[in-house]
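Protein chains: 2
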Amino acid sequence: MTDKQTTPILDEEQAEARLREYGILPTHQRLQIARLLFSGDQHLSADRVLEILAAAGQRVSKATVYNTLGLFARKNLLREVSIDPSRVFYDTNNSAHHHFYNIDTGELSDISPGEMPVEQLPEAPAGTVIDGVEVVIRLRREQRK
Amino acid sequence: MTDKQTTPILDEEQAEARLREYGILPTHQRLQIARLLFSGDQHLSADRVLEILAAAGQRVSKATVYNTLGLFARKNLLREVSIDPSRVFYDTNNSAHHHFYNIDTGELSDISPGEMPVEQLPEAPAGTVIDGVEVVIRLRREQRK
DNA sequence: TCCGGTTCTGGACTTTGTCTAAAACGGCAT
DNA sequence: ATGCCGTTTTAGACAAAGTCCAGAACCGGA
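Protein sequences appear in the order of chains R and C.
So for the first sequence, my numbering puts the first residue at 11; every next one is plus one.
So for the second sequence, my numbering puts the first residue at 11; every next one is plus one.
Structure follows, in structure tokens:
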């Protein structure tokens, strides 16, 4: 994946406000990453973020990208999605929703919230509370046989 | 996790029948793995399978374990579960059911089918069909604040 | 027994992600 | 400004899961 798309980059002040709002100190690197991420709903892996930043000439180290994505996820700015066994995706769509995962292409896409209601949740086992519900619908190419 | 439990091992003939039933040539190594897996419902990672076999003195190479688990999953003897970003689990419980995932302990457990009905599925995007639905309920330790 | 395709193997390799120790930074008080 | 100190960033080493490869072993059929 070397093709770079022209990602619209978020305004710096907006990004800064967003980080502060979530109690995150807006350092230079975090802002670069935030501006990239919050320019629209997307599903990005750490590697992809690193690639895009590199392509844009922004030098941010691998460790920082991993740390920052982890931080954003802990602070609920992002949602961590482990569906593809080979890498974690970060979902910038904050609202409650679920995912399609295309096993042939590895592509991840949103299911619009209305289409997939989850009515009845089971009780959490003793000593635990529910932290989140994640529904993944695995898709494959339509074909005969 | 170095503690080994005394896993009841499935009878060889049963295992062989099971493999044939699913169109899998029952080689020696596949039988070893099958006997281990189908001795009860469990969630095992490839590494863990390798460990258990090694502890039992059965020598099966890493590549074979990975290949075999992949094969079993493709043939629908097992269900691949990618929840823990660091490893894939193989679920020997074949029936339709979903999972709790304890984010504090990394533990994976079944949700009994009745407790978690999934009523309404969205339509698959054009050109694709639904291959499976996976619901994961993330749990964390109960605590104040 | 020979043959040909399938399976298994050790080991090298790749990829994702983590760790570490040192340097740089950022905010604050002086 | 200056100095201080805790936080953040960095490069690069490292770790773990999983894949790949080329040769050896195996398996069933003729």
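Glycine included, every Cβ here is placed at the ideal spot set by N, Cα and C.
Owing to the predicted nature of the structure, the values given are computational and were not obtained by experimental measurement.
For residue i, three-class secondary structure by DSSP
i               : result
L54 of chain C  : strand
T138 of chain R : strand
N112 of chain C : strand
E144 of chain C : strand
F48 of chain R  : coil
Y100 of chain C : strand
V128 of chain C : coil
L149 of chain R : strand
V59 of chain R  : helix
A65 of chain R  : helix
L41 of chain R  : helix
Euclidean distance between Cα positions of residue i and residue j
i               : j               : result
L6 of chain C   : L29 of chain C  : Missing from the structure shown is residue 6 of chain C; chain C here goes from 11 to 155 and no further.
A27 of chain R  : A44 of chain R  : 11 angstroms
R89 of chain R  : T37 of chain C  : 43 angstroms
P132 of chain C : I121 of chain R : 8 angstroms
V145 of chain C : E125 of chain R : 15 angstroms
R148 of chain R : S105 of chain R : 21 angstroms
R150 of chain C : S71 of chain C  : 36 angstroms
I93 of chain C  : A65 of chain C  : 26 angstroms
Q8 of chain C   : G116 of chain C : Past the boundaries of the shown model lies residue 8 of chain C; chain C is included only from 11 to 155, so the question cannot be answered.
E23 of chain R  : E31 of chain R  : 12 angstroms
R84 of chain C  : Q39 of chain R  : 43 angstroms
T138 of chain R : G67 of chain R  : 45 angstroms
V128 of chain R : L79 of chain C  : 31 angstroms
Residue range of the unbroken beta strand (DSSP E) whose run includes residue i
i               : result
I121 of chain R : L118 to I121
V91 of chain R  : R89 to V91
Same chain only: Cβ atoms within 8 angstroms of residue i, ignoring 5 sequence neighbours per side
i              : result
R97 of chain R : S55, A56 and D57
R69 of chain R : L63
Same chain only: Cβ atoms within 6 angstroms of residue i, ignoring 5 sequence neighbours per side
i               : result
Q52 of chain C  : T102
I140 of chain C : A134
L47 of chain C  : T102
L41 of chain R  : A25
H108 of chain R : I121, M126 and V145
V59 of chain C  : V75
Alpha helix (DSSP H) segment containing residue i, residue limits
i              : result
E31 of chain R : E22 to E31
N77 of chain C : K72 to R84
7 angstroms Cβ shell around residue i - same chain, five flanking residues per side excluded
i               : result
P123 of chain C : S105, A106 and H107
Proximal residues, the stretch 65-93 of chain R versus chain C, C-beta separation under 7 angstroms: S92 and I93
Cβ-based contacts, 9 angstroms cut-off: residues of the stretch 29-54 of chain C near chain R: none
Residues from the stretch 136-155 of chain R in contact with chain C, defined by Cβ distance under 9 angstroms: A136, G137, T138, V139, I140, D141, G142, V143, E144, V145, V146, I147, R148, L149, R150, R151, E152 and Q153
Contact list for the stretch 117-132 of chain C against chain R, Cβ threshold 8 angstroms: S119, I121, S122, E125, M126, P127, V128, E129, Q130, L131 and P132
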